[in-house]
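If you read the sequence shown in full-length UniProt numbering, its first letter stands for residue 1, the second for the next number, and so on. Right, one structure below, let's go through it.
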Amino acid sequence: MLTKQYVLPKEIHDNIFENEIKPFHLAKSQTQEKPLAIITGGQPGSGKSGITSEAKKDDIQAANLTHQDASQWAIFEATLSLINEYNS
1 MLTKQYVLPK
11 EIHDNIFENE
21 IKPFHLAKSQ
31 TQEKPLAIIT
41 GGQPGSGKSG
51 ITSEAKKDDI
61 QAANLTHQDA
71 SQWAIFEATL
81 SLINEYNS
């Protein structure tokens, strides 16, 4: 557990969010009637841009394009982590 020595004072914390994070990440954001978040992750060249484009066209079915492989990888990673006692 982290101690308070590593936590920024609230004023500095809020200032960083308002002046650095919020303008960079939310500058083009607009209020949506039904907000949707699509979160992708993977190595360079793994298809994140492609799946994001497909998700914009059809967010309900886009996951089907990668589900088979991604779910097997997740199981494989979890299994290896347990077998090898990885802290993952």
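Ideal placement from N, C-alpha and C gives every residue a C-beta, glycine not left out.
A direct Cα-Cα distance of roughly 14 Å separates Phe24 from Gln30. Secondary structure of Thr79 (DSSP, three-state): helix. Boundaries for Lys34: no alpha helix (DSSP H) harbours it, and the DSSP string shows neither H nor E there. When secondary structure is reduced to three states using DSSP, Ser49 falls in the helix class.
In the three-state scheme derived from DSSP, where H, G and I count as helix and E and B as strand, Glu20 is classed as helix.
The alpha carbon of Gly47 has as its nearest neighbour, out of Thr66, Glu18 and Thr3, the alpha carbon of Thr66.
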